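So the structure is just underneath, and the comments pick up after that.
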Amino acid sequence: GGGRTASPRRAAAAAGPDDADTLRAGVKELKTVLAREYTSFFSPMSTSHYAPDVTFLDPLTSLAGVAAYADNVDMLAGRTLLGKFLFRDAGIVLHSVTGGAVGAGGSLGDVTTRWTLRVTVGALPWTPEAVFSGVSVYGLARGTGGGPAVIVASQADYWDSANIVAPGAVGGGGEYAAVAKTKALGDFWGQVRPGGAAAPPAGPEVPYILLRRGDGYEVRGYPAIAAAKMAYERRDEAYLQLGQATRGSNPYAPAIMTVPDDADEEKYMSFPVAFAAPGQDLAIPDSIGTRIMGTPGVTLAAEKGRVVAVAGYDDASTAGLVRQRDRELRGMLARDGLVPAPGAAGSVTFAQFDAVYTMGARRGEAWIELEGHPW
343 GGGRTASPRR
353 AAAAAGPDDA
363 DTLRAGVKEL
373 KTVLAREYTS
383 FFSPMSTSHY
393 APDVTFLDPL
403 TSLAGVAAYA
413 DNVDMLAGRT
423 LLGKFLFRDA
433 GIVLHSVTGG
443 AVGAGGSLGD
453 VTTRWTLRVT
463 VGALPWTPEA
473 VFSGVSVYGL
483 ARGTGGGPAV
493 IVASQADYWD
503 SANIVAPGAV
513 GGGGEYAAVA
523 KTKALGDFWG
533 QVRPGGAAAP
543 PAGPEVPYIL
553 LRRGDGYEVR
563 GYPAIAAAKM
573 AYERRDEAYL
583 QLGQATRGSN
593 PYAPAIMTVP
603 DDADEEKYMS
613 FPVAFAAPGQ
623 DLAIPDSIGT
633 RIMGTPGVTL
643 AAEKGRVVAV
653 AGYDDASTAG
663 LVRQRDRELR
673 GMLARDGLVP
683 APGAAGSVTF
693 AQFDAVYTMG
703 ARRGEAWIEL
713 EGHPW
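Plus 342 on top of the position in the sequence shown (first one is 1) and you've got our numbering.
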(Lines of atoms letter the chains of each structure in order from A and count residues from 1; the text may use other names and numbers.)
(Lines give C-alpha, C1' and ligand atoms only; values in the text may rest on other atoms or scores of the structure.)
Protein backbone atom coordinates (compact mmCIF):
# COMPACT_ATOMS: atom_id res chain seq x y z
CA GLY A 1 0.00 0.00 0.00
CA GLY A 2 0.99 3.64 -0.32
CA GLY A 3 0.08 4.81 3.18
CA ARG A 4 2.43 5.89 5.95
CA THR A 5 4.02 2.93 7.73
CA ALA A 6 3.82 3.45 11.48
CA SER A 7 5.54 1.52 14.24
CA PRO A 8 3.36 -1.31 15.59
CA ARG A 9 1.53 -0.52 18.82
CA ARG A 10 2.64 -3.03 21.46
CA ALA A 11 -0.02 -4.79 23.48
CA ALA A 12 -0.03 -4.52 27.25
CA ALA A 13 1.33 -8.01 27.80
CA ALA A 14 3.14 -10.71 25.87
CA ALA A 15 0.77 -12.76 23.76
CA GLY A 16 0.70 -16.55 23.73
CA PRO A 17 -0.70 -18.58 20.81
CA ASP A 18 -4.28 -18.40 22.07
CA ASP A 19 -3.99 -14.68 22.80
CA ALA A 20 -2.54 -14.00 19.34
CA ASP A 21 -5.50 -15.82 17.78
CA THR A 22 -7.85 -13.63 19.84
CA LEU A 23 -6.09 -10.49 18.62
CA ARG A 24 -6.19 -11.63 14.99
CA ALA A 25 -9.92 -12.30 15.32
CA GLY A 26 -10.32 -8.86 16.90
CA VAL A 27 -8.52 -7.18 14.02
CA LYS A 28 -10.67 -9.04 11.51
CA GLU A 29 -13.81 -7.94 13.37
CA LEU A 30 -12.63 -4.33 13.49
CA LYS A 31 -11.90 -4.27 9.75
CA THR A 32 -15.43 -5.57 9.12
CA VAL A 33 -16.83 -2.84 11.37
CA LEU A 34 -14.87 -0.16 9.52
CA ALA A 35 -16.12 -1.41 6.15
CA ARG A 36 -19.71 -1.31 7.45
CA GLU A 37 -19.27 2.20 8.86
CA TYR A 38 -17.91 3.53 5.58
CA THR A 39 -20.81 2.00 3.67
CA SER A 40 -23.41 3.57 6.01
CA PHE A 41 -21.44 6.79 6.57
CA PHE A 42 -21.18 5.91 10.25
CA SER A 43 -24.90 5.51 10.76
CA PRO A 44 -24.58 3.97 13.25
CA MET A 45 -21.03 4.41 14.50
CA SER A 46 -19.81 1.45 16.56
CA THR A 47 -18.44 3.53 19.44
CA SER A 48 -17.43 0.41 21.40
CA HIS A 49 -14.72 -0.19 18.77
CA TYR A 50 -13.07 3.15 19.57
CA ALA A 51 -11.05 4.06 22.66
CA PRO A 52 -12.78 6.65 24.87
CA ASP A 53 -9.79 8.97 24.29
CA VAL A 54 -9.40 8.18 20.57
CA THR A 55 -7.56 10.90 18.64
CA PHE A 56 -8.38 12.09 15.13
CA LEU A 57 -6.24 14.16 12.78
CA ASP A 58 -6.85 15.22 9.17
CA PRO A 59 -5.43 18.10 7.09
CA LEU A 60 -7.96 20.55 8.55
CA THR A 61 -9.09 19.11 11.89
CA SER A 62 -7.73 17.62 15.10
CA LEU A 63 -9.80 16.37 18.01
CA ALA A 64 -9.84 13.86 20.87
CA GLY A 65 -12.51 11.71 22.47
CA VAL A 66 -15.08 9.39 21.00
CA ALA A 67 -17.92 11.89 21.50
CA ALA A 68 -16.07 14.61 19.57
CA TYR A 69 -15.22 12.05 16.87
CA ALA A 70 -18.87 11.04 16.47
CA ASP A 71 -20.01 14.70 16.43
CA ASN A 72 -17.53 15.47 13.64
CA VAL A 73 -18.81 12.60 11.50
CA ASP A 74 -22.43 13.58 12.15
CA MET A 75 -21.71 17.17 11.15
CA LEU A 76 -20.15 16.12 7.84
CA ALA A 77 -23.10 13.81 7.19
CA GLY A 78 -25.56 16.66 7.84
CA ARG A 79 -27.00 14.97 10.93
CA THR A 80 -26.39 17.97 13.23
CA LEU A 81 -27.93 21.46 13.10
CA LEU A 82 -24.62 22.98 11.92
CA GLY A 83 -24.06 20.09 9.52
CA LYS A 84 -27.49 20.60 7.92
CA PHE A 85 -26.46 24.18 7.12
CA LEU A 86 -22.93 23.40 5.90
CA PHE A 87 -23.13 20.07 4.08
CA ARG A 88 -25.40 17.63 2.30
CA ASP A 89 -25.28 14.46 0.21
CA ALA A 90 -22.06 13.24 1.84
CA GLY A 91 -20.93 9.79 0.76
CA ILE A 92 -17.76 7.76 0.95
CA VAL A 93 -16.56 4.88 -1.23
CA LEU A 94 -14.19 2.42 0.43
CA HIS A 95 -11.57 0.97 -1.94
CA SER A 96 -9.61 -1.23 0.47
CA VAL A 97 -8.91 -2.12 4.11
CA THR A 98 -5.44 -3.52 4.74
CA GLY A 99 -2.94 -4.11 7.54
CA GLY A 100 -3.48 -4.93 11.19
CA ALA A 101 -0.85 -7.65 11.48
CA VAL A 102 -0.37 -9.20 14.93
CA GLY A 103 3.34 -9.35 15.68
CA ALA A 104 5.61 -10.89 18.25
CA GLY A 105 4.52 -10.21 21.80
CA GLY A 106 1.05 -9.16 20.67
CA SER A 107 2.05 -5.98 18.84
CA LEU A 108 -0.65 -4.57 16.55
CA GLY A 109 0.20 -3.05 13.19
CA ASP A 110 -1.78 -0.14 11.78
CA VAL A 111 -4.86 -0.66 9.61
CA THR A 112 -5.04 1.49 6.48
CA THR A 113 -8.14 2.28 4.44
CA ARG A 114 -8.28 3.87 0.97
CA TRP A 115 -11.38 5.88 0.15
CA THR A 116 -13.02 8.63 -1.89
CA LEU A 117 -15.30 11.16 -0.18
CA ARG A 118 -17.83 13.44 -1.88
CA VAL A 119 -19.84 16.16 -0.16
CA THR A 120 -21.96 19.08 -1.35
CA VAL A 121 -21.18 22.38 0.38
CA GLY A 122 -24.71 23.68 1.01
CA ALA A 123 -23.51 26.81 2.80
CA LEU A 124 -22.37 28.33 -0.52
CA PRO A 125 -25.09 29.68 -2.85
CA TRP A 126 -23.78 27.75 -5.90
CA THR A 127 -23.69 24.49 -3.84
CA PRO A 128 -20.41 23.09 -5.19
CA GLU A 129 -19.31 19.50 -4.68
CA ALA A 130 -15.99 18.82 -2.96
CA VAL A 131 -14.20 15.54 -3.57
CA PHE A 132 -11.34 14.12 -1.53
CA SER A 133 -9.53 10.81 -1.81
CA GLY A 134 -6.85 9.44 0.43
CA VAL A 135 -5.97 7.06 3.21
CA SER A 136 -6.86 6.71 6.87
CA VAL A 137 -4.24 5.15 9.15
CA TYR A 138 -5.72 3.59 12.29
CA GLY A 139 -3.52 2.91 15.31
CA LEU A 140 -4.87 -0.09 17.22
CA ALA A 141 -4.91 -1.11 20.87
CA ARG A 142 -6.29 -3.94 22.97
CA GLY A 143 -9.83 -3.52 24.16
CA THR A 144 -10.64 -3.61 27.86
CA GLY A 145 -13.58 -4.38 30.10
CA GLY A 146 -15.10 -7.30 28.20
CA GLY A 147 -15.70 -5.34 24.97
CA PRO A 148 -14.08 -5.87 21.54
CA ALA A 149 -10.62 -7.45 21.63
CA VAL A 150 -9.13 -4.73 19.39
CA ILE A 151 -10.15 -1.07 19.20
CA VAL A 152 -9.11 2.11 17.40
CA ALA A 153 -6.78 4.27 19.49
CA SER A 154 -5.97 6.87 16.83
CA GLN A 155 -6.87 7.85 13.28
CA ALA A 156 -4.84 10.02 10.91
CA ASP A 157 -6.31 10.98 7.53
CA TYR A 158 -4.20 12.01 4.54
CA TRP A 159 -5.48 13.49 1.27
CA ASP A 160 -4.05 12.39 -2.05
CA SER A 161 -4.26 16.02 -3.21
CA ALA A 162 -2.21 17.48 -0.36
CA ASN A 163 -0.31 14.94 1.74
CA ILE A 164 1.81 12.87 -0.68
CA VAL A 165 5.40 13.93 0.01
CA ALA A 166 7.51 11.25 -1.74
CA PRO A 167 7.10 8.49 -4.39
CA GLY A 168 7.63 5.65 -1.92
CA ALA A 169 7.59 2.06 -3.17
CA VAL A 170 7.12 1.62 -6.92
CA GLY A 171 3.40 1.25 -7.61
CA GLY A 172 2.51 1.98 -3.99
CA GLY A 173 0.88 5.32 -4.65
CA GLY A 174 3.22 7.55 -2.65
CA GLU A 175 4.22 8.28 0.95
CA TYR A 176 2.04 10.50 3.12
CA ALA A 177 2.88 13.02 5.83
CA ALA A 178 1.22 15.95 7.56
CA VAL A 179 1.42 19.30 5.74
CA ALA A 180 0.61 22.92 6.57
CA LYS A 181 -3.09 23.59 7.02
CA THR A 182 -2.87 26.41 4.47
CA LYS A 183 -2.12 23.87 1.73
CA ALA A 184 -5.25 21.88 2.60
CA LEU A 185 -7.38 25.04 2.75
CA GLY A 186 -6.10 26.06 -0.68
CA ASP A 187 -6.98 22.64 -2.06
CA PHE A 188 -10.50 22.85 -0.63
CA TRP A 189 -11.16 26.39 -1.92
CA GLY A 190 -9.82 25.45 -5.32
CA GLN A 191 -12.65 22.93 -5.59
CA VAL A 192 -15.55 25.01 -4.32
CA ARG A 193 -14.87 28.47 -5.75
CA PRO A 194 -17.24 29.62 -8.53
CA GLY A 195 -16.39 28.51 -12.06
CA GLY A 196 -17.11 29.92 -15.52
CA ALA A 197 -19.43 28.66 -18.24
CA ALA A 198 -18.49 25.25 -19.60
CA ALA A 199 -19.10 23.79 -23.02
CA PRO A 200 -22.02 21.31 -23.08
CA PRO A 201 -21.04 17.62 -23.04
CA ALA A 202 -21.39 15.60 -26.23
CA GLY A 203 -23.40 12.93 -24.40
CA PRO A 204 -23.83 11.12 -21.08
CA GLU A 205 -20.51 10.09 -19.61
CA VAL A 206 -19.21 6.54 -19.20
CA PRO A 207 -19.47 5.91 -15.44
CA TYR A 208 -16.28 5.38 -13.46
CA ILE A 209 -15.02 5.03 -9.90
CA LEU A 210 -12.89 7.95 -8.75
CA LEU A 211 -9.95 6.25 -7.05
CA ARG A 212 -7.81 9.32 -6.45
CA ARG A 213 -8.15 13.07 -6.72
CA GLY A 214 -4.47 13.85 -6.64
CA ASP A 215 -2.43 17.03 -6.84
CA GLY A 216 -3.00 17.97 -10.49
CA TYR A 217 -4.57 14.73 -11.73
CA GLU A 218 -7.17 12.05 -11.06
CA VAL A 219 -7.09 8.25 -11.11
CA ARG A 220 -10.26 6.50 -12.28
CA GLY A 221 -11.44 2.93 -12.61
CA TYR A 222 -13.36 2.46 -15.87
CA PRO A 223 -15.51 -0.56 -16.73
CA ALA A 224 -15.13 -2.66 -19.86
CA ILE A 225 -16.60 -0.83 -22.85
CA ALA A 226 -17.63 -1.45 -26.43
CA ALA A 227 -16.68 1.33 -28.82
CA ALA A 228 -17.05 2.31 -32.45
CA LYS A 229 -13.45 2.78 -33.58
CA MET A 230 -11.68 4.01 -36.70
CA ALA A 231 -8.34 5.21 -37.97
CA TYR A 232 -8.38 8.87 -38.94
CA GLU A 233 -6.39 11.74 -40.38
CA ARG A 234 -8.69 14.70 -39.59
CA ARG A 235 -10.43 14.71 -36.24
CA ASP A 236 -13.53 16.58 -37.47
CA GLU A 237 -14.06 14.06 -40.27
CA ALA A 238 -13.71 11.16 -37.82
CA TYR A 239 -16.30 12.79 -35.53
CA LEU A 240 -18.70 12.98 -38.47
CA GLN A 241 -18.15 9.38 -39.59
CA LEU A 242 -18.36 7.91 -36.07
CA GLY A 243 -21.45 10.04 -35.45
CA GLN A 244 -23.11 8.48 -38.49
CA ALA A 245 -22.06 4.96 -37.41
CA THR A 246 -23.50 5.42 -33.91
CA ARG A 247 -26.63 7.36 -34.84
CA GLY A 248 -29.53 6.05 -32.77
CA SER A 249 -27.26 4.23 -30.32
CA ASN A 250 -26.72 7.24 -28.02
CA PRO A 251 -22.92 7.04 -27.71
CA TYR A 252 -21.29 8.02 -24.46
CA ALA A 253 -18.70 10.70 -23.76
CA PRO A 254 -15.79 10.97 -24.04
CA ALA A 255 -14.45 10.48 -27.52
CA ILE A 256 -11.06 8.81 -27.04
CA MET A 257 -8.12 9.45 -29.36
CA THR A 258 -4.74 7.69 -29.50
CA VAL A 259 -1.92 9.36 -31.45
CA PRO A 260 1.41 7.49 -31.90
CA ASP A 261 4.69 9.33 -31.52
CA ASP A 262 5.64 8.01 -34.97
CA ALA A 263 3.81 10.18 -37.51
CA ASP A 264 3.75 7.28 -40.00
CA GLU A 265 1.55 5.18 -37.70
CA GLU A 266 -2.23 5.51 -37.70
CA LYS A 267 -4.21 7.58 -35.25
CA TYR A 268 -7.43 6.14 -33.80
CA MET A 269 -10.65 7.60 -32.44
CA SER A 270 -13.38 5.72 -30.61
CA PHE A 271 -16.91 6.49 -29.39
CA PRO A 272 -18.07 4.31 -26.44
CA VAL A 273 -21.50 2.77 -27.13
CA ALA A 274 -21.91 0.30 -24.23
CA PHE A 275 -20.30 -0.46 -20.88
CA ALA A 276 -20.34 -3.35 -18.42
CA ALA A 277 -22.55 -2.81 -15.40
CA PRO A 278 -21.00 -3.73 -12.01
CA GLY A 279 -20.78 -7.48 -11.63
CA GLN A 280 -21.93 -8.15 -15.20
CA ASP A 281 -20.27 -8.99 -18.49
CA LEU A 282 -20.15 -6.51 -21.34
CA ALA A 283 -23.29 -6.83 -23.50
CA ILE A 284 -23.67 -5.17 -26.92
CA PRO A 285 -27.17 -4.94 -28.43
CA ASP A 286 -27.31 -6.52 -31.90
CA SER A 287 -28.88 -3.39 -33.39
CA ILE A 288 -25.90 -1.28 -32.33
CA GLY A 289 -23.29 -3.76 -33.53
CA THR A 290 -24.96 -4.25 -36.91
CA ARG A 291 -25.06 -0.54 -37.70
CA ILE A 292 -21.47 0.06 -36.61
CA MET A 293 -20.07 -2.92 -38.47
CA GLY A 294 -21.96 -1.84 -41.58
CA THR A 295 -20.19 1.55 -41.71
CA PRO A 296 -17.08 1.57 -43.94
CA GLY A 297 -13.84 2.04 -42.03
CA VAL A 298 -15.48 1.61 -38.61
CA THR A 299 -15.04 -1.42 -36.35
CA LEU A 300 -16.69 -2.48 -33.10
CA ALA A 301 -14.00 -2.87 -30.44
CA ALA A 302 -14.38 -4.45 -26.99
CA GLU A 303 -11.96 -3.00 -24.43
CA LYS A 304 -11.26 -4.37 -20.96
CA GLY A 305 -11.79 -2.37 -17.83
CA ARG A 306 -8.78 -0.31 -16.81
CA VAL A 307 -7.34 2.10 -14.27
CA VAL A 308 -6.50 5.42 -15.91
CA ALA A 309 -4.72 8.55 -14.71
CA VAL A 310 -6.05 11.77 -16.27
CA ALA A 311 -4.92 15.38 -16.40
CA GLY A 312 -7.49 17.88 -17.63
CA TYR A 313 -7.36 21.06 -19.69
CA ASP A 314 -10.00 23.58 -20.74
CA ASP A 315 -8.90 24.52 -24.25
CA ALA A 316 -9.08 22.94 -27.70
CA SER A 317 -7.15 19.66 -28.00
CA THR A 318 -4.18 20.83 -30.07
CA ALA A 319 -1.20 18.52 -30.56
CA GLY A 320 1.07 20.78 -28.53
CA LEU A 321 -1.31 21.08 -25.59
CA VAL A 322 -2.10 17.35 -25.47
CA ARG A 323 1.56 16.35 -25.52
CA GLN A 324 2.39 18.96 -22.88
CA ARG A 325 -0.31 17.63 -20.54
CA ASP A 326 0.85 14.06 -21.24
CA ARG A 327 4.41 14.97 -20.20
CA GLU A 328 3.16 16.77 -17.11
CA LEU A 329 0.96 13.83 -16.15
CA ARG A 330 3.86 11.38 -16.49
CA GLY A 331 5.88 13.61 -14.17
CA MET A 332 3.10 13.69 -11.58
CA LEU A 333 2.75 9.90 -11.69
CA ALA A 334 6.49 9.44 -11.11
CA ARG A 335 6.30 11.95 -8.24
CA ASP A 336 3.49 9.98 -6.56
CA GLY A 337 4.76 6.44 -7.08
CA LEU A 338 2.42 5.34 -9.88
CA VAL A 339 3.56 3.37 -12.94
CA PRO A 340 2.17 3.69 -16.51
CA ALA A 341 1.24 0.48 -18.32
CA PRO A 342 3.78 -0.60 -20.97
CA GLY A 343 1.22 0.10 -23.72
CA ALA A 344 1.15 3.77 -22.69
CA ALA A 345 4.65 4.28 -24.12
CA GLY A 346 5.09 5.46 -27.70
CA SER A 347 1.80 7.33 -28.00
CA VAL A 348 -0.49 9.83 -26.32
CA THR A 349 -4.13 9.17 -25.50
CA PHE A 350 -6.57 11.98 -24.87
CA ALA A 351 -10.30 12.33 -24.30
CA GLN A 352 -12.71 15.02 -25.43
CA PHE A 353 -16.01 15.34 -23.60
CA ASP A 354 -17.66 18.14 -25.57
CA ALA A 355 -18.58 18.27 -29.24
CA VAL A 356 -15.87 19.19 -31.73
CA TYR A 357 -17.18 22.74 -32.28
CA THR A 358 -18.53 24.24 -29.04
CA MET A 359 -18.41 27.48 -27.07
CA GLY A 360 -17.30 27.94 -23.46
CA ALA A 361 -14.54 26.26 -21.49
CA ARG A 362 -13.69 22.96 -23.13
CA ARG A 363 -13.18 19.71 -21.27
CA GLY A 364 -10.29 17.64 -22.51
CA GLU A 365 -8.00 15.21 -20.68
CA ALA A 366 -4.70 13.45 -21.25
CA TRP A 367 -5.08 9.76 -20.31
CA ILE A 368 -2.43 7.27 -19.23
CA GLU A 369 -3.37 3.71 -18.31
CA LEU A 370 -1.70 2.49 -15.12
CA GLU A 371 -0.10 -0.83 -14.33
CA GLY A 372 1.57 -0.18 -10.99
CA HIS A 373 -0.95 1.22 -8.48
CA PRO A 374 -2.51 0.36 -5.09
CA TRP A 375 -6.13 -0.10 -6.22
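Just so you know, even glycine gets a beta-carbon here, dropped at the ideal spot from N, CA and C. Treat the numbers as computed from the prediction; the structure is a model and nothing was measured.
- Under the criterion of beta carbons closer than 8 Å, F613 and L582 do not qualify as touching, at roughly 12 Å.
- S496 has its alpha-carbon roughly 50 Å from the corresponding atom of D603.
- According to DSSP, G476 shares a beta bridge with W457 and W501.
- Taking C-beta separations shorter than 7 Å and ignoring five residues to either side along the sequence, the partners of G558 in its chain run A653 and M674, following chain order.
- Closest in C-alpha terms to G556, from the list A393, G621 and D678, comes D678.
- Under the three-state reduction of DSSP output, W709 falls in the strand class.
- Contact between the segment 405-414 and the segment 378-393 is established, with three or more Cβ pairs separated by less than 8 Å.
- As DSSP reads the structure, V439 sits in a beta bridge with T455.
- When beta bridges are read from the DSSP output, M635 appears opposite no residue.
- Considering only M417, G448, A580 and H437, the residue with the shortest C-alpha distance to G639 is A580.
- If you look at G532, you'll find it in the alpha helix (DSSP H) that goes K523 to V534.
- Distance from the Cα of S659 is smallest, within the candidate group A625, A697, A686 and I626, for A697.
- 8 Å or more divides the Cβ of V561 from the Cβ of P593.
- The segment 703-712 makes contact with the segment 683-694: 3 or more CB pairs, one atom from each, lie closer than 8 Å.
- M572 is a Cβ neighbour of Y610, given a cutoff of 8 Å.
- Straight through space, the alpha carbons of A406 and A683 are spaced by roughly 43 Å.
- If you look at M674, you'll find it in the alpha helix (DSSP H) that goes A661 to R677.
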